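Let me begin by presenting the structure, written as structure tokens, before commenting on it.
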Amino acid sequence: MRCISVLLPAAALAAAAWFLTIPSANAYSLLGGSLGLSQRDLRVFDNFADTTANNNTTPDPNFPGYTGVEMACWKGAVEWGSELHGTGNGDPHQNGGLGSGGANFDPSWQGNGPTPGGAKDNIVAAIAGDFSGVLAYCTTPIEVGWSIRFFEDAWNWDDGPGTSVSGFDLQGVMCHEYGHALGLGHSSDGSATMYPSVSGNGIPQRSISSDDIAGVQAIYGVKSPGKPRITGIAVAGSNLTISGQNFSATGNEVWFTKGGTGGVGTPIKVTGVGSNGVSISVTVPSLASDGDVLVRNSGTSHANLSNAWPIDLGSGFGCGVISMGGNLTGNSGNLTTSSVPIQGTSMTFQVSGLNITGFGRRIIGLVPTQQSVLGFTMLVDYTVAVSLMPFALSGGAGTFTETLPLLPGTTIFVQGTAIQPNLKIIGTNRLDVTICP
Numbered sequence: 157m158r159c160i161s162v163l164l165p166a167a168a169l170a171a172a173a174w175f176l177t178i179p180s181a182n183a184y185s186l187l188g189g190s191l192g193l194s195q196r197d198l199r200v201f202d203n204f205a206d207t208t209a210n211n212n213t214t215p216d217p218n219f220p221g222y223t224g225v226e227m228a229c230w231k232g233a234v235e236w237g238s239e240l241h242g243t244g245n246g247d248p249h250q251n252g253g254l255g256s257g258g259a260n261f262d263p264s265w266q267g268n269g270p271t272p273g274g275a276k277d278n279i280v281a282a283i284a285g286d287f288s289g290v291l292a293y294c295t296t297p298i299e300v301g302w303s304i305r306f307f308e309d310a311w312n313w314d315d316g317p318g319t320s321v322s323g324f325d326l327q328g329v330m331c332h333e334y335g336h337a338l339g340l341g342h343s344s345d346g347s348a349t350m351y352p353s354v355s356g357n358g359i360p361q362r363s364i365s366s367d368d369i370a371g372v373q374a375i376y377g378v379k380s381p382g383k384p385r386i387t388g389i390a391v392a393g394s395n396l397t398i399s400g401q402n403f404s405a406t407g408n409e410v411w412f413t414k415g416g417t418g419g420v421g422t423p424i425k426v427t428g429v430g431s432n433g434v435s436i437s438v439t440v441p442s443l444a445s446d447g448d449v450l451v452r453n454s455g456t457s458h459a460n461l462s463n464a465w466p467i468d469l470g471s472g473f474g475c476g477v478i479s480m481g482g483n484l485t486g487n488s489g490n491l492t493t494s495s496v497p498i499q500g501t502s503m504t505f506q507v508s509g510l511n512i513t514g515f516g517r518r519i520i521g522l523v524p525t526q527q528s529v530l531g532f533t534m535l536v537d538y539t540v541a542v543s544l545m546p547f548a549l550s551g552g553a554g555t556f557t558e559t560l561p562l563l564p565g566t567t568i569f570v571q572g573t574a575i576q577p578n579l580k581i582i583g584t585n586r587l588d589v590t591i592c593p
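In short: position in the sequence shown from 1, add 156, done, that's the working numbering.
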């Protein structure tokens, strides 16, 4: 077992000089190995004694169910994720930017561990003592598990979440140490999260750099176009609907955060789930709790596990974008968006398959419907619509933008239409857009 550590700036000079003597197109280094799908879990044993390590008691909708040390460590890990974690919000240092790895890697947050665990239990904890300027360390090799320990006696740890902390920033140092858990060594790039020493109090380490991104992509591969992707969820009692893309027809797994502190870190899973490729519906298991939900399709490689999406089982609404009704009569057009529905921001919608060059018309409202009108299936009640504005089409394709002033948890319904030369209408699928906090 080896320990890879993050140091104070003075203690890092010798190590940094060693790296700088090696000419390389990339500054990152690799430890060898990677975390397979059975090693994506992450837990925290909260034995931190510093009061500042647990003085953030404000809930964050992007990290439901946890505050303090747990939230800080969760944020430090999801920064390495394949794409934005939910809305990407939660870190004032990089508003809307949490989740920057762009690789075939995403962690599965599993809450609290019952003990600090051993060297291969994927648990973060504090440890007594001080080791020559070392702030924290991660045990390697990592293929069958890791552990991260924060030295507590000599340093004061702060859970943020602001950009002014007392002592050292838990989230930033966690982001560095979790990079080791992924298989990254130290970088000779002074702006990288994986540089061997922290910058200032460690807050800059919260946001990974282009060199860090290149490193994680070298291990797990650049995010595959076929990787499963969650774009939104809807919670109704014990029923969960997940919207996204690249789900398998059969054999999907839906992963949840386990409630309580027992277990060995394995996600709560619903297995053998079918899908139409863009939507999955399951009953939430009784052992699942607030945290993250992920989908693994029928494959077994790094590229077969989706991004992590926050889920608050107590909220009853979820947030994001769900596609409905694309296979109904006359609805051969396609409506999509890659925008995240955050209150007060604008969303851009893409339309295709409406055949004509000219103008289409959006139907945006608060009341869904399903009725046949002039050859297509209307999915938004136009009689009480909040917008029926036209948008330009070229070869049946176009875009339009809408601002979302509504309260979080509100769902708006969006459909595109276009009148054809024969006076019949082609419609698109409907997007159910639930506003995120």
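Note that the Cβ used here is the ideal one computed from N, Cα and C, for glycine as well.
All values reported here derive from a predicted model rather than from experimental measurement.
If you look at residue 391, you'll find it in the beta strand (DSSP E) that goes 385–392.
Ranked by Cα distance from residue 346, the first of 183, 543, 229 is 183.
Distance between residue 335 and residue 342, taken at the CA atoms: about 9 Å. When C-beta atoms of the region 393–408 are compared with those of the region 364–371, fewer than three pairs fall below 8 Å, so the two segments do not count as touching. Between residue 470 and the set 191, 200, 220, 417, the nearest pair of CA atoms involves 220. When Cβ pairs closer than 8 Å are counted between the two stretches, the region 218–237 is seen not to touch the region 286–299, the count staying below three.
Between the alpha carbons of residue 238 and residue 359 lies a distance of about 21 Å.
In this structure, residue 215 lies away from residue 319, with their beta-carbon atoms at least 8 Å apart. DSSP places residue 299 in the coil class of the three-state scheme, outside both helix and strand.
Nearest to residue 235 by alpha-carbon distance, out of 256, 193, 250, is 256.
For residue 409, the secondary structure class from DSSP, reduced to helix, strand or coil, is strand. With a 10 Å radius around the Cβ and a threshold of 16 neighbouring Cβ atoms, residue 534 comes out buried.
Comparing C-alpha distances from residue 588 to each of 258, 280, 481 shows the shortest one belongs to 481.
Its chain contains no residue whose beta carbon lies nearer than 7 Å to that of residue 494 once the 5 sequence neighbours on both sides are disregarded. In this structure, residue 424 lies away from residue 392, with their beta-carbon atoms at least 8 Å apart.
Residue 450 and residue 410 have their alpha carbons spaced roughly 6 Å apart. Residue state for residue 396 is assigned as strand, using DSSP reduced to three classes. Under the Cβ criterion (8 Å, minimum of three pairs), the region 197–216 counts as touching the region 260–267.
In the three-state scheme derived from DSSP, where H, G and I count as helix and E and B as strand, residue 369 is classed as helix.
For the options 468, 376, 386, the alpha carbon positioned closest to that of residue 433 is the one of 386. Cβ contact annotation for residue 205 (same chain, cutoff 8 Å, sequence separation greater than five): 282, 308, in chain order. Excluding residues up to 5 positions away in sequence, 505, 518, 547 lie with their Cβ nearer than 6 Å to the Cβ of residue 556 in the same chain. The Cβ-Cβ distance between residue 441 and residue 420 does not fall below 8 Å. In this structure, the beta-carbon distance from residue 591 to residue 526 does not fall below 8 Å. Straight-line spacing of the CA atoms in residue 491 and residue 331 works out to 37 Å. Here residue 563 is exposed: its Cβ has fewer than 16 other Cβ atoms, across all protein chains shown, within 10 Å.
Residue state for residue 311 is assigned as coil, using DSSP reduced to three classes.
Judged by DSSP in its simplified three-state form, residue 250 adopts helix. Residue 194 carries a helical assignment under DSSP once its states are collapsed to helix, strand and coil. One Cα belongs to residue 328, the other to residue 388, and the distance between them is close to 28 Å. Per DSSP, residue 558 is one residue of the beta strand (DSSP E) stretching across 554–559. Boundaries of the beta strand (DSSP E) harbouring residue 265: 264–268, taken from the DSSP string. Classified as exposed, residue 580 has fewer than 16 neighbouring CB atoms from the shown chains inside 10 Å of its CB.
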